[in-house]
DNA sequence: ATAGTAACGATAAACAAGTATCAATTATCG
DNA sequence: CGATAATTGATACTTGTTTATCGTTACTAT
C-alpha cells in the first residue's frame, strides 16, 4: 500500500506552497529544509508518482528543464525572470493568431520574459 | 582563412531553403542528401560558426532541443505540429499581458500548437 | 512492540546533446 | 601543379538529467 512518509509530505508541500512551477532541484532545495538528508532520487521518484496521480502537471519552458506545478489551476501562462531564472504565474490571454492556411490551431503557450518583482530595479536593496 | 566547402554550402542552403527552424538532426538530414557522408560533428561545428557570424539565430521551444533559423526575419512566432513535430513560422501578435505588480516585461514568446497543413485532416491522402 | 515491506538514500548506470581529438582530406594561393 | 593548413568525419569524451539498483530505514497493520 501507499505510505505517508515525511519526504513525500515535504515534497507535496513544496509544490502547494510554491505557487509557481518548480524543477527537481528547486523541489529538493525546498523539501530538504524540512527533511534533512532528503535525496534527489526520492524527489524524482515522488514527482513521477505525483504526476501519475494527477496531483501535479509538467510545465515546459524554452531551453529549460521540465518544471512541475499543482494541477487544476485556471488558464494561465508563465513569466520567466531574466535575472534569477525564477518562473511565476501570470494571467494573460487575448491575442490574435493567424495560422497559415490549412493549419489547425489547438492550443497555445505564452511565455513572458523580464524582471520579477525581486530583480526589477527601483527596489530598496536586495 | 575561411574556406568555402561543400558541406558548409549545403548547411547554409538547408537553412535558407527551409523557411522554418531546423535542429541539428534536421540539418544533417537535409544536407546529407547534397553531401553524402556529411557528419553530425560538422553540422554542430558549422551551426556554431553561423551563429557567431550572425547568419542564423537559435530558436528554443518548450521541451525541444534548440533549433536555428536564418536571422533578420520580422517579428514572428512559431507553430509546433502535434503530429509531425515540425515547426513553422506564423505571424501573430497583439495580446494583453498583465504582469504582476513590480514585474517588468521585456519580451514575450508565443508558441501555437496544433496540426500543420500536411497533418491536418481533410487532405487528400498523405 | 514486531514483522513485513514500501520507501529511502547513495550511487552506479543509462541517455542524450554537444564538444574535443586527430588522422585524412581538400580548398586555396603561389 | 604542389605545398599548406583549414576542414572534415569518425568517434571518444564531457556534461547534465533522469532512472535503476540495492542494502538500509521506517511506516502500518496486527
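Residue numbers (the working numbering), protein chains in the order written: chain H, 1 to 126; chain Y, 127 to 252.
Ideal Cβ placement from N, Cα and C applies to all residues, glycine included.
Item, Value
"Best match in Y:232, Y:196, Y:245 and Y:141 for proximity to residue 116 (chain H) [C-alpha to C-alpha]", "Y:232"
"Below-7 Å beta-carbon distance, residue 238 (chain Y) vs any chain H residue", "yes"
"Chain-ordered chain H contacts of residue 141 (chain Y) [CB-CB under 7 Å]", "Near residue 141 (chain Y) there are no residues of chain H at all, since even the closest Cβ is about 19 Å away, more than 7 Å."
"Alpha-carbon spacing of residue 183 (chain Y) relative to residue 37 (chain H), whole angstroms", "43 Å"
"Spatial neighbours of residue 54 (chain H) in its chain, beta-carbon cut-off 8 Å, leaving aside the 5 residues before and after", "71"
"Span of the beta strand (DSSP E), counted from its first residue to its last, around residue 17 (chain H)", "Looking at the DSSP string, residue 17 (chain H) is not in any beta strand (DSSP E); the run it does join, the alpha helix (DSSP H), is 6-18."
"Residue 230 (chain Y), DSSP secondary structure in three states", "strand"
"Residue 18 (chain H) at chain Y interface by Cβ criterion, 7 Å", "no"
"Cβ shell of residue 129 (chain H) (< 7 Å), same chain only, five flanking positions each side left out", "As shown, chain H starts at 1 and ends at 126. That puts residue 129 (chain H) outside it, with no answer to give."
"DSSP state of residue 55 (chain H) mapped onto helix, strand, coil", "coil"
"Interface flag, residue 36 (chain H) vs chain Y, CB-CB below 7 Å", "no"
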